[in-house]
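Visitor: Have a look at this one.
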Amino acid sequence: MLGGVVRMTISLTVILMECVGNITFGLPLMIVLMVAKWVGDFFNEGLYDIHIQMQGVPIMAWDAPPLSNNIYASEVLNRPVTTLHTVEKVSRIVEILKSCTYNGFPVVDSIPTEEEAGNFKSYGTLRGLILRSQLTVLLKHKIFNENTHVWENSKVDIRLFRLSYPRYFTLQEVDLTEEDLECTIDLRPFHNPSPYSVVSCTPLPRMFNLFRALGLRHLVVVNDSREVVGMVTRKDLVKYRLLRGINDSLVNLHSMYRNLKDHRWSGKC
77 MLGGVVRMTI SLTVILMECV GNITFGLPLM IVLMVAKWVG DFFNEGLYDI HIQMQGVPIM
137 AWDAPPLSNN IYASEVLNRP VTTLHTVEKV SRIVEILKSC TYNGFPVVDS IPTEEEAGNF
197 KSYGTLRGLI LRSQLTVLLK HKIFNENTHV WENSKVDIRL FRLSYPRYFT LQEVDLTEED
257 LECTIDLRPF HNPSPYSVVS CTPLPRMFNL FRALGLRHLV VVNDSREVVG MVTRKDLVKY
317 RLLRGINDSL VNLHSMYRNL KDHRWSGKC
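Using my numbering, read the sequence shown as starting at 77 and increasing by one per residue.
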């Protein structure tokens, strides 16, 4: 029962063998549990996987949802996008970190415009991606353009961020004065200049494979001019999979019913 409902195979075999205290039935137990798992997979997912989907936990499956090749990034992306300029004011960075919980922010260097094709709003030309943890480290050490004479002689490199890993500073631990808030930060030496990005016509399975294979948390959606038009996160993919799966099931059932009805009418004629 556990093998077919919970899909426990190796672990359940070891538990039963330890309870019995005899390894003679190890191979038969493994065969029975594997057959039970295959039969259960034919009908639905495991009990744990079903509970994960019911609770809305953003854990991605091994494979992309079936029949999802016609779902594109333009349907999944999240807007509006919170962006930062290559040279940003400290007060705006602090305001963004307080107002949102995003972990990554695209860095742009142009004025947002309206794209003619698709009426997608452009948030500027993509120049890179910077993480929340990197911003807090820059604020904590006051790596400001106005303080260049203070930190230009010291080595500001990757070690500055590695020393704070894995417990990065929180915004409450950053002590900033009114003068500091009026300063600016040049993000170009610190952001990732080549983040993973896709175009709006990228199918969902390709984005799904990028998240699964590379362990991504963010995926920037750009247009043909490499201007930011949206962001895709794990939660966006998982949530869309659940909602779209229900809709696709209803559509497929309706199509099957109509085809069966048309077939019966054609048979009578």
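Just so it is clear, CB atoms sit at the ideal spot from N, CA and C, and this is done for glycine as well.
Where F181 and M283 are concerned, what is the direct C-alpha to C-alpha distance, given to the nearest angstrom?
Guide: Answer to the nearest angstrom: the Cα atoms are 19 Å apart.
Visitor: Taking its Cβ as the centre, do 16 or more other Cβ atoms sit within 10 Å of G132, making it buried, or is it exposed?
Guide: The residue is exposed, with fewer than 16 neighbouring Cβ atoms inside 10 Å.
Visitor: Roughly how many angstroms lie between the CA atoms of M110 and T278, to the nearest whole one?
Guide: Their Cα atoms are separated by approximately 37 Å.
Visitor: Quick check on the burial criterion: 16 or more other C-beta atoms within 10 angstroms. Buried or exposed for I147?
Guide: With 16 or more other Cβ atoms within 10 Å, it is buried.
Visitor: For M106 and R288, which I take to be in contact (beta-carbon distance under 8 Å), what is that distance rounded to the nearest angstrom?
Guide: In fact, because the Cβ distance is near 28 Å, the residues do not count as touching under 8 Å.
Visitor: G306 to G204, Cα distance in whole Å?
Guide: Going from the Cα of G306 to the Cα of G204 covers about 14 Å.
Visitor: Pick helix, strand or coil for G79, following the three-state DSSP scheme.
Guide: It is helical.
Visitor: Measure the alpha-carbon distance for E249 versus Q210 and round it to whole angstroms.
Guide: C-alpha separation (whole angstroms): 14 Å.
Visitor: Okay, do the stretch 140 to 156 and the stretch 169 to 181 touch, 3+ Cβ pairs below 8 Å being the bar?
Guide: No, the stretch 140 to 156 is not in contact with the stretch 169 to 181.
Visitor: Taking C259 and V166 to be in contact with their CB atoms under 8 Å, please state how far apart those CB atoms are, rounded to whole angstroms.
Guide: About 5 Å separates the two Cβ atoms, so the contact holds.
Visitor: Can the beta-carbon of I219 be found less than 7 Å from the beta-carbon of V183?
Guide: Result no, Cβ atoms of I219 and V183 do not sit closer than 7 Å.
Visitor: Going straight from the alpha carbon of D324 to that of R310, what length do you get?
Guide: Low confidence applies to D324: its pLDDT is 49, below 50, so where it sits in the model is not reliable, and the reading given next is rough at best. When rounded, the distance between both Cα atoms is 21 Å.
Visitor: Whole-angstrom Cβ separation of T162 and R302, contact assumed at under 8 Å?
Guide: Not confirmed; about 15 Å, so no contact.
Visitor: Please report how far the alpha carbon of L373 lies from the alpha carbon of T253, in whole angstroms.
Guide: No information on residue 373 is available, as it lies outside the stretch 77 to 345 that the chain covers here.
Visitor: Considering Cα atoms alone, identify which of D125, I99 and L92 is closest to V314.
Guide: When each option's Cα is compared against that of V314, the closest is D125.
Visitor: If you compare alpha carbons, which of V298, V304, T159 and P281 is closest to N145?
Guide: When only C-alpha atoms are compared, the closest one is P281.
Visitor: Please report the straight-line C-alpha distance between F119 and S276, rounded to a whole angstrom.
Guide: Answer to the nearest angstrom: the Cα atoms are 34 Å apart.
Visitor: Please give the ranges of any alpha helix (DSSP H) in the stretch 236 to 279, keeping only runs that are unbroken, at least 4 residues long and fully inside the region.
Guide: Segments of the alpha helix (DSSP H) lying fully in the stretch 236 to 279: 254 to 257.
Visitor: Would you say L247 and L160 are within 7 Å of each other, going by their C-beta atoms?
Guide: Not a contact, by the Cβ cut-off of 7 Å.
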